[in-house]
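Below: the structure, in structure tokens.
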Amino acid sequence: MDPNASCGAVEKQRRQVAIDTARASIELEGFRLTEDELNHAQRFIDGEITLDEFVQGKANK
């Protein structure tokens, strides 16, 4: 499977839950994600980028 291909519905839901959980944890600590960070997370959810690209992508910019 092409790692950059859009993911299926089940994987997309799994990614959405993971991002929502992480976001809730961040917000409980009193922080807020920027619009750019939210867009980056959405690209991961949609399967446009891999997990490695998601984790490393923003750190390298």
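The opening position of the sequence shown corresponds to residue 868 in the numbering used here, with each subsequent residue numbered one higher. Beta carbons are placed, not taken as given, at the ideal position from N, Cα and C, and that holds for glycine. All figures in this text were calculated on a predicted structure; none of them were measured in a lab.
Grab the span of the alpha helix (DSSP H) containing Thr-888 for me, first residue to last.
To locate residue 888, count along the sequence shown from 1; it is residue 21. Looking at the DSSP string, the run of the alpha helix (DSSP H) that includes Thr-888 is 876 to 895.
Would you report the Cα separation of Arg-910 and Ile-916, rounded to the nearest angstrom?
Along the sequence shown, read from residue 1 onward, the residue named residue 910 stands at position 43. Along the sequence shown, read from residue 1 onward, the residue named residue 916 stands at position 49. One Cα belongs to Arg-910, the other to Ile-916, and the distance between them is close to 6 angstroms.
Have a look at Asn-871 and Glu-920 and give me their C-alpha separation to the nearest angstrom.
Position 4 of the sequence shown holds residue 871. Position 53 of the sequence shown holds residue 920. A caution first: Asn-871 carries a pLDDT of 48, below 50, which makes its placement in the model too unreliable to give a value.
With DSSP collapsed to three states, give me the class of Ile-912.
One-based indexing of the sequence shown puts residue 912 at position 45. Reduced to three states, the DSSP call for Ile-912 is helix.
Work out the CA separation of Gly-875 and Arg-890 for me, nearest whole Å.
On the sequence shown, residue 890 is found 23 positions in, with the first residue counted as 1. On the sequence shown, residue 875 is found 8 positions in, with the first residue counted as 1. When only Cα atoms are considered, Arg-890 and Gly-875 end up about 22 angstroms apart.
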